[in-house]
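Protein chains in written order, with the working numbering: chain A, 28 to 461; chain B, 321 to 723.
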């Protein structure tokens, strides 16, 4: 037996992280789930003690480097281009992509890897989504040319399949270790000849605390649905909005008085969904921005919905209201047809809500144990499931309780623990010194 | 038999475009457009490389030759080179200033950006040649009276343009198709104009410029004594030799013996009774023996086989040449001087020179490929051809915001 540990421990003293992503924590950079993911993941890594550099397409009006004395260092990239594109991270995508690819590798090699190497630390570089795939290959090539590749661990993560047609998977798979967020994605990526390692998404710890019961009840009372349903997501066919609308109509046909609170995006598919609702005899009320963003303001806005079947929120819904809606609803329809991970379902469960998920990437969801899992795209499956829960309230309560237990297993802190274990595996494969 | 020798060398580094072509943000400032068009990091890298192997040792060599061996030298600088030296190697520029300052060295004017402006706007070409003459004076305290163009291009119209610009003489390559039965070893003019022409002895020039390190050449290894003998044996009054400055240490590396060869040359010339002259000294000495040279309407050049086909002979070159026109026209329409300046940079002949190899093979293609930046080859030949054009297309579209 040799001296010392069998495996090289992954500790803040010997490891630092770099995350590359188009999206990031700035409102300018936060277009969807990716922005939330890298914001929370980088924060969790820093909270765990690791120096963490986050390179992202940042707000052009903010400082290019923001360390704030902490372990998380924000590197806002391409700001000279973003000044020409004020409408967010993906405007001027082609221009930003070129700049990112051509300038990030040299900076990482010079300003992160080289000093870390001098101090005896390994650098774990994690690229997110297709935008960073070629950059990761370029970083690997550059480090290899400098004789430093063996001291860096390169991961590239797919959160979904969008943009896969732009990726040279042969090269990417050779130069990096590919990861993804669920086994559904893993199996999907087999079609590309890739066998990624699964590292799940997570939720921040703060979401695990139950929202105030009296506020939840206030929202339930003002919506007054029987049942009260909620759905949040882009207006996109993949989100199965029409299935949800058909389910509302089905519940109504059963003689119930469902009320469906929904919040979509700015996508034009909204028109098609609402037209379907009208054709099913459902009434719609668009709720404008409340006078105040607090419980009183929200209740006032929701009270003025003229008994509509569909309550269409046309304003930014803050996290606190979202959690009240999740907890207060009889079911939250996170019923997407294709979901790489399904962060909304997990957030619902963390709030003590009943998530109705699809059966793709939501591997945390188990049917009638901690959620409702839909096996088909038939709206009747939602209708009968909700009718069953209405007749078995004790089972609904049990599902809510179990949901919170499950969600606690998926915090970012837990994800970081798992990530470190995977890095140990990769360190061993790369023969990194202990 | 030639009893005199005029030696000219020209220093140039291109402002290389950025490949793969960088998309330009809509509404970008001229400064940001330039950032997308040109690969300044690569340009700096190449300047330092060539400086180490060529510019420093060659300049020290020529300094010794003019200071200690009474050699005479004419030297031209593109502004493209001078700006790079100013930005990235001021010590080099200082050394070159020292060389130019010597009384045995004559400063020659060249087209400032090494561009094909004379094809697109002959009036502006005249203005810029005049302006460059003054810029060179400001930098070197010598006002050039003899001029080169770009790649020694000359034709009927370019000749008149240089005459209107007020130069005393211009250089041209002494190809057979231009000279016909005439020798290159005399002074010429055209149509009774005062602008004299110094024809380059291209065979003797290319013995050093191209063939010096070619072990398959029957003249290899070339000795300074033999070369001085060939010069002395040439019929006529003087031999005019002209080379890229990069011949010394870059095209022919130090280990070929090129520096030793040059250092021996003045002694061997003197031994054979060949007297070195600057171009202006040759103009003065042979002022009473000036002959008529009918100039061609199509231009001649010292590149390739001496005609414009080296630059415009393949479909990619022709496409880029068209795009040079469109870029310039579009910039003119904006009326923005900074954008017009960028269009002038995009007219650099190098952008045609370094794609001459496309669809071709042989020695000329090898020369062209030698000048293509090594970093570009990962794109593949078709990728280079496509992305070079894309640089121009991006520029033209970027100017929409200024219309």
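Even for Gly, the Cβ is constructed at its ideal location relative to N, Cα and C.
Using a beta-carbon distance cut-off of less than 8 angstroms, what residues from the region 336-349 of chain B approach chain A?
-> 340, 342, 343, 344, 345, 346, 347, 348
Using the beta-carbon of each residue, which ones in chain B are nearer than 9 angstroms to residue 119/A?
-> To locate residue 119/A, count along the first chain from 1; it is residue 92. Under the 9 angstroms cutoff, chain B gives 343, 345, 346.
Residue from 516/B, 590/B, 540/B whose Cα sits closest to the Cα of residue 552/B | Taking the second chain and counting its residues from 1, the one referred to as residue 552/B is at position 232. The shortest Cα separation from residue 552/B among 516/B, 590/B, 540/B belongs to 590/B.
Residue closest to residue 130/A, alpha-carbon to alpha-carbon, out of 115/A, 159/A, 263/A, 110/A | Taking the first chain and counting its residues from 1, one reaches residue 130/A at position 103. When only C-alpha atoms are compared, the closest one is 159/A.
Does the Cβ-Cβ distance between residue 430/B and residue 452/B come in under 9 angstroms?
-> As a position in the second chain, residue 430/B is number 110, starting the count at 1. As a position in the second chain, residue 452/B is number 132, starting the count at 1. In contact: residue 430/B and residue 452/B (Cβ atoms closer than 9 angstroms).
In chain A, what lies closer than 9 angstroms to residue 661/B by C-beta?
-> As a working note, residue 661/B is residue 341 in the second chain. None at all; the shortest Cβ gap to chain A is about 20 angstroms.
Which value, in whole angstroms, describes the spacing of the CA atoms of residue 499/B and residue 613/B?
-> Against the second chain, residue 499/B aligns to sequence position 179. Against the second chain, residue 613/B aligns to sequence position 293. If you take the alpha carbons of residue 499/B and residue 613/B, they lie about 7 angstroms apart.
Would you tell me roughly how many angstroms separate the C-alpha atoms of residue 91/A and residue 110/A, rounded to the nearest one?
-> As a first step, residue 91/A is located in the first chain; it is residue number 64 there, counting from the start. As a first step, residue 110/A is located in the first chain; it is residue number 83 there, counting from the start. Rounded to whole angstroms, residue 91/A to residue 110/A spans 13 angstroms at the Cα level.
Under the DSSP definition of a beta bridge, which residues are partnered with residue 153/A?
-> Taking the first chain and counting its residues from 1, the one referred to as residue 153/A is at position 126. As a beta-bridge residue in DSSP terms, residue 153/A pairs with 46/A, 182/A.
For residue 99/A, which of 289/A, 52/A, 210/A, 433/A has the nearest alpha-carbon?
-> Within the first chain, residue 99/A is the residue found at index 72, counting from 1. The shortest C-alpha separation from residue 99/A is found at 52/A.
Could you run through the region 374-398 of chain A and flag, in chain order, every residue whose CB is less than 7 angstroms away from some CB of chain B?
-> Within the region 374-398 of chain A, no residue has a Cβ that lies closer than 7 angstroms to any Cβ of chain B.
Residues near residue 473/B by beta carbon distance below 6 angstroms, same chain, minus five either side | Residue mapping note: residue 473/B aligns to position 153 of the second chain, counting from 1. Closer than 6 angstroms at Cβ, skipping near neighbours: 619, 621.
DSSP beta-bridge partners of residue 396/B | What you label residue 396/B is simply residue 76 of the second chain in a count that begins at 1. In DSSP, residue 396/B forms a bridge with 330/B, 428/B.
Indicate whether residue 186/A and residue 61/A have their beta-carbon atoms separated by less than 9 angstroms.
-> Mapped onto the first chain, residue 186/A falls at position 159. Mapped onto the first chain, residue 61/A falls at position 34. Going by C-beta atoms, residue 186/A is nearer than 9 angstroms to residue 61/A.
Taking residue 356/A and residue 256/A to be in contact with their CB atoms under 8 angstroms, please state how far apart those CB atoms are, rounded to whole angstroms.
-> Here residue 356/A refers to the residue found at position 329 of the first chain. Here residue 256/A refers to the residue found at position 229 of the first chain. Sure, about 6 angstroms apart at Cβ, within 8 angstroms.
Residue 364/B: first and last residue of the uninterrupted alpha helix (DSSP H) it sits in | Counted from its first residue, the second chain places residue 364/B at position 44. Where residue 364/B is concerned, the enclosing alpha helix (DSSP H) stretches over 360-370.
Apply the 10 Å Cβ neighbour rule to residue 359/B and answer buried if 16 or more other Cβ atoms are within range, or exposed otherwise.
-> Walking along the second chain from the start, residue 359/B turns up at place 39. Buried, because 16 or more other Cβ atoms sit within 10 Å of the Cβ of residue 359/B.
Would you call the region 423-442 of chain A and the region 225-242 of chain A touching, i.e. three or more CB-CB distances under 8 angstroms?
-> yes
Uninterrupted alpha helix (DSSP H) stretches inside the region 662-711 of chain B (no shorter than 4 residues) = 670-673, 683-691
In the DSSP assignment, what are the bridge partners of residue 255/A?
-> Translated into the one-based positions of the first chain, residue 255/A becomes position 228. Partner(s): 286/A.
For the beta strand (DSSP E) that residue 509/B lies in, which residues bound it at each end?
-> The residue you call residue 509/B lines up with position 189 of the second chain. 507-509 is the extent of the beta strand (DSSP E) around residue 509/B.
Taking only beta-carbon atoms, is residue 125/A less than 9 angstroms away from chain B?
-> Taking the first chain and counting its residues from 1, one reaches residue 125/A at position 98. Closer than 9 angstroms: yes.
Residue 423/B to residue 143/A, Cα distance in whole Å?
-> On the second chain, residue 423/B is found 103 positions in, with the first residue counted as 1. On the first chain, residue 143/A is found 116 positions in, with the first residue counted as 1. Their Cα atoms are separated by approximately 56 angstroms.
Check the DSSP bridge columns for residue 232/A and list the partner residues they point to.
-> Position 205 of the first chain, counted from the first residue, corresponds to residue 232/A. Beta-bridge pairing links residue 232/A to no other residue.
Could you pull out every unbroken alpha helix (DSSP H) segment of at least 4 residues lying fully inside the region 606-652 of chain B, listed in chain order?
-> 629-632
Identity of the residues DSSP links to residue 733/B by a beta bridge = Look at the range of chain B in this structure, 321 to 723, and you will see that residue 733/B is not part of it.
The alpha helix (DSSP H) spanning residue 122/A covers which residue range?
-> Stepping through the first chain from its first residue, residue 122/A is reached at position 95. Here the alpha helix (DSSP H) through residue 122/A covers 120-134.
Expected contact under 8 angstroms - CB spacing of residue 471/A and residue 64/A to nearest Å = Any property of residue 471/A remains undetermined from this structure, which presents chain A solely from 28 to 461.
Could you check if residue 690/B is buried or exposed, using at least 16 other CB atoms within 10 Å of its CB as the buried criterion?
-> Here residue 690/B is taken as the residue at index 370 of the second chain, counted from 1. Exposed.
Contact set for residue 327/B: own chain, Cβ-Cβ below 6 angstroms, skip 5 residues either direction = Looking up residue 327/B in the second chain gives position 7. Excluding positions up to five away in sequence, the list reads 393, 561.
Roughly how many angstroms separate the alpha carbons of residue 358/A and residue 351/A, rounded to a whole number?
-> Indexing the first chain from 1 puts residue 358/A at position 331. Indexing the first chain from 1 puts residue 351/A at position 324. Those two C-alpha atoms are separated by around 12 angstroms.
Apart from the five residues just before and just after residue 406/A, which ones in its own chain have a Cβ nearer than 7 angstroms to its Cβ?
-> Locating residue 406/A in the first chain gives position 379, counting from the first residue. Sequence-distant partners of residue 406/A (beyond 5 residues in either direction) whose C-beta falls short of 7 angstroms from its own C-beta, in its chain, are 270, 273, 274, 277.
Can you tell me the Cα-Cα spacing of residue 449/B and residue 432/B, whole angstroms?
-> Locating residue 449/B in the second chain gives position 129, where the first residue counts as 1. Locating residue 432/B in the second chain gives position 112, where the first residue counts as 1. One C-alpha to the other measures close to 7 angstroms.
Residue 310/A - DSSP class collapsed to helix/strand/coil = Counting from one through the first chain, the residue named residue 310/A turns up at place 283. In the structure shown, residue 310/A sits in coil (DSSP, three-state: anything other than H, G, I, E or B).
Where residue 306/A falls, given that 16 or more other Cβ within 10 Å makes a residue buried = In the first chain, counting from the first residue as 1, residue 306/A sits at position 279. Per the 10 Å Cβ criterion, exposed.
Residue 377/B in three-state terms, based on DSSP = Stepping through the second chain from its first residue, residue 377/B is reached at position 57. If DSSP states are grouped into helix, strand and coil, residue 377/B belongs with the helices.
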